[in-house]
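Please read the structure below before turning to the comments.
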Amino acid sequence: MEKEINIKTIDYLMDLSRMHLSEKEKERIEKDLNTILEYVKQLQAVDTSEINLDEELAKAKISQASSSEEDLDFDRDDLLDGFYQRRERWLEIPPIF
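Numbering (the working numbering), first residue to last: 163 to 259.
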């Protein structure tokens, strides 16, 4: 089986993105991308001709609607009270940067 992604392709992508990788990193990315492509090929081989997309979407919407906030077993204020820093309805967290 011929690899679809090779080191030359990785080098080209790194040049386009102005990124620099070690040879070990390039080999790892090559392996990972080829594994992903193989998985996509397997997915493409699955016969989906019998699946009615409209029906599946309707099922998903029904499932999503049945798990509304009212169905959840918790009190919002109790959860907020458990947070260590709070300003009215808002949670205070330390800055990320």
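Beta carbons are placed, not taken as given, at the ideal position from N, Cα and C, and that holds for glycine. It should be emphasised that the depicted structure is a prediction, and the values quoted were computed from it without experimental measurement.
is_contact[residue i, chain C] using C-beta, thresh 8 Å
i      : result
Asp173 : No chain C appears in this structure, which consists of one protein chain only.
Segment limits, alpha helix (DSSP H) that includes residue i
i      : result
Gln206 : 185-206
Ile169 : 169-179
Leu238 : The displayed chain sequence assigns Arg, not Leu, to residue 238. Arg238 -> alpha helix (DSSP H) spans 238-243.
Expected contact under 8 Å - CB spacing of residue i and residue j to nearest Å
i      : j      : result
Ile213 : Ile191 : The pair is not a contact, with the Cβ atoms about 34 Å apart (cut-off 8 Å).
Glu130 : Leu199 : Since the first and last residues shown for the chain are 163 and 259, residue 130 lies out of range.
Arg248 : Leu241 : Contact doesn't hold; Cβ gap of about 10 Å is too wide.
Ile169 : Lys193 : No, Ile169 and Lys193 are not in contact; Cβ-Cβ is about 11 Å, not under 8 Å.
Neighbourhood of residue i by C-beta distance below 7 Å, restricted to the same chain and skipping five residues each side
i      : result
Leu195 : Ile167
> Is the stretch 177-184 touching the stretch 196-215 in the sense that three or more CB pairs, one from each, lie closer than 8 Å?
Replying inline: no
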